[in-house]
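Below: one structure, written as structure tokens.
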Amino acid sequence: MAHMETLPDVLPADPLAVAANWLAEAVADARQPNPNAMVLATVDARGQPSARVVLCKAIDAPSAEIHFYTNYHSRKGRELDANPRAAVVFHWDHRHRQVRAEGVVERLAEADNDRYFQSRPWQSRLGAWASRQSEPVSSRGELIAAVAATARRFSIPYAGPGSPEPATVDAQVPRPEHWGGYRLRVEAIELWVEGEFRIHDRARWTRGTDGWSATRLQP
């Protein structure tokens, strides 16, 4: 049976609310691994673009923001320091939908970073300390050794991925200063719904001082 969803004839006034609902439906559907995965594109000081997949942790419709977390010293972190603008793409193939957004990027508050970091599994918190993200490493073994050394630092009896994990972990693993979150303040967003014979349904919103303005686009 052909997929028949379309965007409404009168385009929604708040596209971020639609995007947030689409994300929630993709998560609830559970047919696609990591439904909150999004491609993040950045540009360095020389104008060289790069893209990678990160996990979206929130689409905040009232503030028109998209949140994600990473290592500030990573390539994307350095590029956002040099040029604090970015674009993101969500594609939910199993739901025949896509979202693209563009805007200015800012770091989240330290309190927000601390709160989210402490909600992560302790293994992921160790990894944030052990990995110098985007830097060269001589071997997988060197990286595993760095994880084990970090575990010892925080008095956790763990030798890294592939080794037995302790039954309980009581040690506190604080957030490293080089790890935290960003908010993408959305200035433009596009919603896309797959159509028959590649006649897709597509619209773009831009945000001005008076709110959102919408334009339907040809596929």
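Here the sequence shown is numbered in numbering that gives the first Met the number 0, starting from 0 and rising by one per residue.
Positions of the beta carbon are idealized from the N, C-alpha and C atoms, including for glycine.
Shown here, Leu10 sits in coil according to DSSP, grouped into three states, outside any helix or strand. For Phe196, no beta strand (DSSP E) run applies, since DSSP gives it neither H nor E. Exclusion of the five residues before and after Ile155 leaves Val168 and Ala170 as the residues of its chain whose Cβ lies within less than 6 Å of its Cβ. When the beta-carbon positions are compared, Glu78 and Val42 come within less than 8 Å of each other. Approximately 18 Å separates the beta-carbon atoms of Ala127 and Asn35; this is outside 8 Å, ruling out the contact. DSSP places Ile143 in the uninterrupted alpha helix (DSSP H) bounded by Arg139 to Arg152. DSSP, read as helix, strand or coil, puts Tyr115 in helix. In the displayed model, Glu164 falls within coil according to three-state DSSP, outside both helix and strand.
For His177, the three-state secondary structure derived from DSSP is coil. Within the segment 50 to 113, the complete alpha helix (DSSP H) segments at least 4 residues long are 74 to 81, listed from N- to C-terminus. Going by beta carbons, Val185 and Gly102 fall inside the 8 Å limit. Exposed is the label assigned to Ile198, since fewer than 16 other Cβ atoms lie within 10 Å of its Cβ. Nearest C-alpha to Tyr157 among Arg182, Thr214, Ala29 and Ser123: Ser123. Taking the Cα of Ala145 as reference, the smallest distance to any Cα among Asp28, Pro163 and Leu125 is reached at Leu125. The C-alpha of Glu64 lies about 18 Å from the C-alpha of Lys75.
In the DSSP annotation of this structure, the continuous segment of the beta strand (DSSP E) that includes Ala36 starts and ends at Ala36 to Val42.
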